[in-house]
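For the protein sequence lines, the chains are A and B, in the order given. Quick note, the first sequence lines up with residues 86 to 421 if you use our numbering. Quick note, the second sequence lines up with residues 86 to 421 if you use our numbering. Backbone N, C-alpha and C fix where the C-beta goes; we use that ideal spot for every residue, glycine too. Note sheet for the following structure.
Protein chains: 2
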Amino acid sequence: MAGRKVTLKDLAIKAGLSVNTISRALKDKEDISPATRKTIQDLAKEMGYVGNALAGSLRSGLTKTIAVIVSDVANPHFGIMVKDIEKTARKHNYTIFVINTEDDYEMEERAIYTAIGKNVDAIIICPSQRSTDNIRFLQKNGVPFVLIGRRFREEPDFDYVICDDEKGGYLATKHLIESGRERVLFLNGPGRISSAQERLEGYKRAHAEAGLPIRDELIVEVGASAGDTRQVVKRLIERDATFTGIFAFNDVIAWEAAYVLQKHGYRVPDDFGVIGFDNIQSRLFIPFQLSSVSPSKGKMSKRAVDIVLHKINHPESKTRFREVIDTALVLRESTK
Amino acid sequence: MAGRKVTLKDLAIKAGLSVNTISRALKDKEDISPATRKTIQDLAKEMGYVGNALAGSLRSGLTKTIAVIVSDVANPHFGIMVKDIEKTARKHNYTIFVINTEDDYEMEERAIYTAIGKNVDAIIICPSQRSTDNIRFLQKNGVPFVLIGRRFREEPDFDYVICDDEKGGYLATKHLIESGRERVLFLNGPGRISSAQERLEGYKRAHAEAGLPIRDELIVEVGASAGDTRQVVKRLIERDATFTGIFAFNDVIAWEAAYVLQKHGYRVPDDFGVIGFDNIQSRLFIPFQLSSVSPSKGKMSKRAVDIVLHKINHPESKTRFREVIDTALVLRESTK
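Here it is, written out as structure tokens:
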């Protein structure tokens, strides 16, 4: 069928039956004989017909789809989480689709409109945190949703599942300090993001515990996406680096920092110890053994699905979900 | 609005107007006064209302969405392509969403049903090639689509945009041979995939040109996803490796091979020269400088969008799209 999609009417003409009969047969209505239902369902498949929603949804009101809205689909961390989310969703017969926002306010707004407009049953979203408006809109709309990886501390009624970012920042910084790298450069993500704020709190706690001062010049915000870190690190090491440890907001930034160091003839871990965040190495085997904070990606993803399924299945439930999953430091060659 | 989504009826009650008036105002119909339209549209936003399709679609019949169906969302290559596809689509006011298939037949079938059921205007798909049925179904359905990265050579009426896989395989193998690594292990993807077949043809051409025999034991199929290569490479190098060059079907496999070599105390490039495919390094800065075949990800992505837009806008067009984008070898440290 070139040029236009197959319709109910096409099926009706082909079968020599009314559109109403075709429609009822596809919905498996019992007033159509089992044999006719089977014939029409086979014909639909043969002719490439797909209804506006999956068959099941016509009965339950559910479309059995969940939208996952992420900030950077090219960061393997999100790719891995999407796979984990999908794996859990599939067990419950849900299909997921992904929309990317680049952490941009307008793309996020559009992603939310698209997801709702496509009648998803729920949304799992890593919010850009450029404002609360988009999430507030989600809430007013009434579609079940949960935040993943980031939270609005001033808006406790937005449900979330995050990892213990403060602890992760603390463990990474503490390790660098205790292994003799007392000056730790923190390549942090944008300050509007809760995970960046909380990892910084951990960084500060480790300093306080060790009786070390916080040096503002060692706390630098970089973009969270690939390509943003190069210039920053290049400038810092060319300008007489006083630090020997680097803690990065995520693995993509840590890789990029190590890449620049290598380009300048420095060696990791001999000259600089580097720790990332996300522990991508557990799932993607890079020939650079990066130490990293594990955010329990698998657990976070599974919980996010469980939470939205609970909301879908118990629309009147008042349960609030504010979940913080434990983090752990995984040491590898980059801090030996 | 807890527990259920905001409806047209909710807006009608709030505004004290009929559902019909509300609906026509949201569609920007001119029989409703501009002031009333504005009031109702503002109210919709305030109350979190989203129609079943984006506003524009009600007039044009288009939903301004394209589904991108990929085989492995955790492979940064696909993440980068998705970003590139999105960038072009956004210029034309299209939103994209992504569905992952894991190269699994049933997940692919379901992805196609979901995309069509969500009324997308077109589909860009990297097919699993486990059979032609799913793509045949797409074709019967009539939704505009294009294959990306893989083609069915026996089905010339499925439009595609791919890169020159044969040339890529040839260039990589030729370089390894000419730099003195005459025995080249080819860690290839699954043989059902056209890109795996064509890269193998290039591998063979380079051998023929150099007057070297093809050694079947040096051509090994591994899964295309992370984690599948480790055991294979481990077994090969433990069993007295006769090769000193490695050409991998994609960068994820190449990284993983280099990772195993490092774990066993070998060095890249001193002991083994390694070349991947996809050139992820151009967009993600890994502190391991992998030589790789560039498939012109950006160009492929842009063309895929251009092709489906042409099909959307010219439903009666008979133009066939069989596009092969040039590949190039990018040399870095892993083959020095």
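> Would you report the Cα separation of T199 (chain A) and D188 (chain B), rounded to the nearest angstrom?
Replying inline: Just so you know, the alpha carbons of T199 (chain A) and D188 (chain B) end up roughly 26 angstroms apart.
>> I want to verify the contact list: residues of chain B whose CB lies under 8 angstroms from the CB of R53 (chain A), in sequence order.
In response: The requested residue 53 (chain A) does not occur in the structure, where chain A is confined to residues 86 to 421.
>> For H349 (chain B) and R268 (chain B), what's the separation of their Cα atoms in angstroms?
In response: If you take the alpha carbons of H349 (chain B) and R268 (chain B), they lie about 20 angstroms apart.
> Secondary structure at R370 (chain A), three-state DSSP: helix, strand or coil?
Replying inline: Note that residue 370 (chain A) is Phe in the sequence shown, not Arg. Coil.
> Can you round the beta-carbon distance between R315 (chain A) and F370 (chain B) to whole angstroms, since I take them to be within the 8 angstroms contact cut?
Replying inline: About 7 angstroms separates the two Cβ atoms, so the contact holds.
>> At 4 residues or longer, what runs of the alpha helix (DSSP H) sit wholly inside the region 363-416 of chain A?
In response: Here the runs fully enclosed are 382-398.
> Is DSSP giving T92 (chain B) helix, strand or coil here?
Replying inline: coil
>> For R215 (chain B) and N335 (chain A), what's the separation of their Cα atoms in angstroms?
In response: 36 angstroms
> So who's on the other strand from N273 (chain B), going by DSSP bridges?
Replying inline: For N273 (chain B), the pairing in a beta bridge is given by DSSP as B:E306.
> Hey, G164 (chain A) and G164 (chain B) are a contact pair by Cβ (cut 8 angstroms); roughly how many whole angstroms apart?
Replying inline: 6 angstroms
>> Within a Cβ cutoff of 7 angstroms, which residues of the same chain sit near A281 (chain B), ignoring the five residues on either side of it in sequence?
In response: N273, G274, P275, F334
> What three-state label does DSSP hand L147 (chain B) in the structure shown?
Replying inline: coil
> chain B beta carbons: is any one of them nearer than 8 angstroms to that of E115 (chain A)?
Replying inline: no
> In three-state DSSP terms, what is G312 (chain B)?
Replying inline: coil
> Under three-state DSSP, which class holds N178 (chain B)?
Replying inline: coil
> How far does the beta strand (DSSP E) with F332 (chain B) in it reach, from first residue to last?
Replying inline: That run of the beta strand (DSSP E) goes 330-333.
> Applying a beta-carbon distance threshold of less than 7 angstroms, which residues of chain A neighbour E171 (chain B)?
Replying inline: N185
> Is it true that the region 157-174 of chain B meets the region 352-370 of chain B, where meeting means three or more beta-carbon pairs spaced less than 8 angstroms apart?
Replying inline: Contact between the region 157-174 of chain B and the region 352-370 of chain B is present: 3 or more CB-CB pairs across the two stretches fall below 8 angstroms.
> With F332 (chain B) and Y288 (chain B) assumed to form a contact (beta carbons below 8 angstroms), what rounded beta-carbon distance in angstroms separates them?
Replying inline: F332 (chain B) to Y288 (chain B), Cβ: 7 angstroms. Contact.
>> Going by beta-carbon coordinates alone, are A159 (chain A) and R368 (chain B) separated by less than 8 angstroms?
In response: yes
> Using a Cβ-Cβ cut-off of 6 angstroms (strictly less than) and excluding sequence neighbours within five positions of D249 (chain B), which residues of its own chain qualify?
Replying inline: V409, D411, T412
> Measuring CA to CA, which of A:G202, A:K203, A:Y190, A:R300 is closest to I220 (chain A)?
Replying inline: A:Y190
> Given Y351 (chain B), which residues of its chain have a CB within under 8 angstroms of its CB, disregarding the five upstream and five downstream residues?
Replying inline: I322, F357
>> Would you say the beta carbon of S379 (chain A) is closer than 7 angstroms to some non-hydrogen atom of the ligand PLP?
In response: By its list of ligands, the structure shown contains no ligand whatsoever, and the ligand PLP lies outside what it can speak to.
> DSSP on V183 (chain A), reduced to helix/strand/coil?
Replying inline: If DSSP states are grouped into helix, strand and coil, V183 (chain A) belongs with the strands.
> Just reading off the alpha helix (DSSP H) that Y344 (chain A) is part of, what are its end residues?
Replying inline: 336-348
>> Suppose you measure from the CA of S377 (chain B) to the CA of G312 (chain A); what does that come to, to the nearest Å?
In response: 19 angstroms
> From which residue to which residue does the beta strand (DSSP E) around F230 (chain B) run?
Replying inline: 230-233
>> Can you pull the chain A neighbours of M132 (chain B), defined as C-beta to C-beta under 7 angstroms?
In response: Simply K225.
> Could you give the residue range of the beta strand (DSSP E) that holds I209 (chain B)?
Replying inline: 207-210
> Would A343 (chain B) count as contacting chain A if we go by Cβ distances under 8 angstroms?
Replying inline: Closer than 8 angstroms: yes.
>> Just list the residues that DSSP pairs G358 (chain A) with in beta bridges.
In response: A:G330
> If you draw a straight line from the C-alpha of K225 (chain B) to the C-alpha of R122 (chain A), how long is it?
Replying inline: 21 angstroms
> Leaving out five residues before and five after A97 (chain B) in sequence, what residues of the same chain have Cβ atoms less than 7 angstroms from its Cβ?
Replying inline: S103, V104, I107, listed in sequence order.
>> Using the three-state DSSP reduction, which class does I247 (chain A) fall into: helix, strand or coil?
In response: strand
> Looking at A342 (chain B) and F373 (chain B), is the spacing between their C-beta atoms short of 8 angstroms?
Replying inline: no
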